[in-house]
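Count the sequence shown with mature numbering (1 follows the signal peptide of the UniProt record, and there is no 0) and you get residues -21 to -1, 1 to 488, in order.
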Amino acid sequence: MMINKIILLFFSSLSCFSCNAQSPDLSKPQKHEFRAVWIATVENIDWPKYGQYNSDLQKQDFIRILDEHKKSNLNAVFVQVRDACDAYYAKGAEPWSEFLTGQQGKFPTPFYDPLSFMIEEAHSRNLEFHAWLNLNRATFKKGKTIAPDHISVTKPAWMLVYDGQKLLNFGIPEVRNYITDIVVQIAKNYDIDGIHFDDYFYPYEVAGGVLKDDETFRKYNGGIKNIKDWRRSNTDSLIYQISEGIKKVKPRMKFGISPFGVWRNYSTKNPTGSLTNASQTSYDNLYADTRKWLQQGWIDYIAPQIYFDQAHGKIPFNELALWWGQNSFGKHLYIGHGIYKIKAGWLLTEAPKQIKFNRANPTTIQGSIFFSSKSLTENYGGFQDSLRNNYYHYPAIIPAMSWKDSIPPLSPQKLIVVKNDEGTPVLTWQPGEKATDGDENNYFVVYRFEKGEKPDLSKAIKIIYIGKSNTFNDTSVEKYRGYIYCVTSFDRLHNESQDYALFTTEYGY
């Protein structure tokens, strides 16, 4: 039966998708669910297109990408804005990325600030925008341009060389301060919703590779005797510094990490690890104690890259997702899904089953992030169709973070409904006043119920609009039926107003 449903999802017409979307076995729509995608810029994976160095064409393509994801009812994007001590933004000290302009340090033509542009376009679609940065990489292995003012040129003593590329040496305090300042300036200068790092801290081990930071260890060990413990301490210090720096300039900005999926393998010496058998782990090989960062409250969410299928012999998806749910310490857990692996042989049932598994554990798993953007926009294995017509058929609201903001906004006022020239109802309302914490209405949600039905705002299927506009044309009404409309407001961190504006239509629409 499941095989038949997947075949339908891949080959059926839109009307069949709509039929499938009503199946409770598949959809189980969630009112609150984080739905995001990584938009990778390194090596021009997702954006900008390789060789497309005209700014206007880049803008058009980014708008296309956002529109595609909005149609899929995603509610956040993670855009890579720092690949290798470079930049996709104007207000910063590092040179422009070669993947943006064709040559590192070369200005965009015609000139624009990509980060400002991308934030504005994302927010206009009510999508959260998270700035994704690589922390350690300074250069690539070969064939990449280096600007004369690049940090690897101006500060060669800050570099480690490993596996043919230069990396920032986290053991040097000035390096940690430099990275922290880069991040804090982005947070200060741009209206982003979050700062995001992936899994690159210390490098993944390669055969024959030697990380030559012994001299740094002798100089800065601070009494730590084991070099591996010292490396973890360096990464801890960096994450703590960045966390504190963000809180000082924008305390409500989110900060999160997307580590390699396995923190540590379970063993007699380490019973807190997951029941996995990974050859490398975030803690032991990358020196990133991400579990500790959650426990200490330094980060707001974790998005482990669980790019493994449910039948994986050494790192099964379900086991690892459950482990993270038990070790997120009250912070949000978004599962990182390797949708790109559909092209590498994943069964077409795998990604949908992972979504269903997440939803079967809603108290510990708050949503998903997909790698990468083109896996969706190019509809690998029909997965984008599955999202649009099944799992994400209904929109969802980003879960609130009570530890950052728990005060709800005030509700909208003066909801009126009039009939337009086409005979469909147009809703208009006034935003509520500022809340006690000064927050304004950031966006609105419209719920629609049958006339005589008791409004239940917990039902995701009753949501017909999520957006910033305070007017909405309900083109999906049926004639000769009456409806009840409820409109609530949300603040920037997704707290919903405790009350709502209400209007009941008469029959005849």
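Backbone N, C-alpha and C define an ideal beta-carbon position, used for all residues, glycine too.
In this structure, does DSSP put residue i in helix, strand or coil?
{"i": "Leu406", "result": "strand"}
{"i": "Gln345", "result": "coil"}
{"i": "Ala379", "result": "coil"}
{"i": "Trp111", "result": "strand"}
{"i": "Tyr426", "result": "strand"}
{"i": "Ala136", "result": "helix"}
{"i": "Gly304", "result": "helix"}
{"i": "Glu99", "result": "helix"}
{"i": "Glu412", "result": "coil"}
{"i": "Leu5", "result": "The predicted position of Leu5 is uncertain, since its pLDDT is 46 and thus under 50; a value taken from the coordinates is nonetheless stated next. It is coil, neither helix nor strand."}
{"i": "Ile203", "result": "coil"}
{"i": "Val189", "result": "coil"}
{"i": "Phe41", "result": "helix"}
{"i": "Ile321", "result": "helix"}
{"i": "Val16", "result": "strand"}
{"i": "Phe287", "result": "coil"}
{"i": "Pro93", "result": "helix"}
Residues in its own chain within less than 8 Å of residue i by CB, not counting five upstream and five downstream?
{"i": "Lys430", "result": "Arg460, Gly461, Tyr462, Ile463, Thr483, Thr484 and Tyr486"}
{"i": "Ile395", "result": "Leu406, Thr407, Trp408 and Phe482"}
{"i": "Asp192", "result": "Leu139, Asn148, Gly150, Ile206 and Arg210"}
{"i": "Val162", "result": "Leu112, Ile174, Ile221, Gly224 and Ile225"}
{"i": "Ile203", "result": "Trp209 and Ser212"}
{"i": "Thr247", "result": "none"}
{"i": "Val228", "result": "Val163, Ala166 and Lys167"}
{"i": "Thr415", "result": "Ile386"}
{"i": "Asn264", "result": "Tyr181, Tyr183 and Glu184"}
Which one or two residues does DSSP pair with residue i in a beta bridge?
{"i": "residue 503", "result": "Since the first residue of the chain shown is -21 and the last is 488, residue 503 is not available in this structure."}
{"i": "Ile236", "result": "Phe176 and Ile281"}
{"i": "Lys145", "result": "Val140"}
{"i": "His11", "result": "Ile376"}
{"i": "Glu475", "result": "Phe469"}
{"i": "Arg116", "result": "Leu146"}
{"i": "Asn244", "result": "Ser253"}
{"i": "Ala66", "result": "Trp75"}
Please list the terminal residues of the continuous beta strand (DSSP E) segment that includes residue i.
{"i": "Ile314", "result": "His311 to His316"}
{"i": "Phe57", "result": "Ala55 to Arg61"}
{"i": "Thr133", "result": "Where Thr133 is concerned, there is no enclosing beta strand (DSSP E), although the alpha helix (DSSP H) it sits in stretches over Ile130 to Thr133."}
{"i": "Ser365", "result": "That residue, Ser365, is in no beta strand (DSSP E); its alpha helix (DSSP H) goes Phe362 to Ser365."}
{"i": "Lys398", "result": "Gln392 to Lys398"}
{"i": "Ile463", "result": "Tyr462 to Phe469"}
{"i": "Tyr444", "result": "Ile442 to Gly446"}
{"i": "Phe482", "result": "Ala480 to Thr483"}
{"i": "Asn105", "result": "Note, Asn105: premise wrong, no beta strand (DSSP E); not H, not E."}
{"i": "Asn452", "result": "Thr450 to Asn452"}
Would you mind reading off the limits of the alpha helix (DSSP H) that contains residue i?
{"i": "Val154", "result": "Pro152 to Asn168"}
{"i": "Trp209", "result": "Ile206 to Val228"}
{"i": "Trp272", "result": "Thr269 to Gln275"}
{"i": "Lys353", "result": "Ser352 to Thr356"}
{"i": "Thr80", "result": "Glu77 to Thr80"}
{"i": "Ala330", "result": "Glu329 to Arg338"}
{"i": "Thr195", "result": "Asp193 to Tyr199"}
Leaving out the 5 sequence neighbours to the left and right, which residues in its chain are closer than 6 Å to residue i when beta-carbon positions are compared?
{"i": "Leu481", "result": "Cys465"}
{"i": "Arg471", "result": "Asn421"}
{"i": "Gln274", "result": "Phe308"}
{"i": "Lys353", "result": "Asp25"}
{"i": "Ile377", "result": "Phe13, Asn54 and His473"}
Kindly list the residues whose CB is nearer than 7 Å to the CB of residue i, restricted to its own chain and excluding five residues on each side of it in sequence; keep chain order.
{"i": "Lys50", "result": "Arg367"}
{"i": "Ala379", "result": "Leu472, His473 and Asn474"}
{"i": "Asn297", "result": "Gln289 and Phe336"}
{"i": "Phe196", "result": "Gly150, Ile206 and Trp209"}
* Please confirm if the stretch 136 to 148 is in contact with the stretch 81 to 94, defined as three or more CB-CB distances below 8 Å between the two stretches. => no
* Asked: If we count Cβ pairs, one from each stretch, closer than 8 Å, do we get three or more for the stretch 125 to 133 versus the stretch 79 to 88?
  -> yes
* Does the pairing of the stretch 30 to 41 with the stretch 363 to 380 give three or more beta-carbon distances under 8 Å? -> no
* Decide if the stretch 357 to 367 is in contact with the stretch 377 to 385; the criterion is three or more beta carbon pairs, one per stretch, under 8 Å apart. => no
* To do: Evaluate contact between the stretch 60 to 72 and the stretch 99 to 109, counting only Cβ atoms and requiring at least three cross-stretch pairs below 8 Å.
  => no
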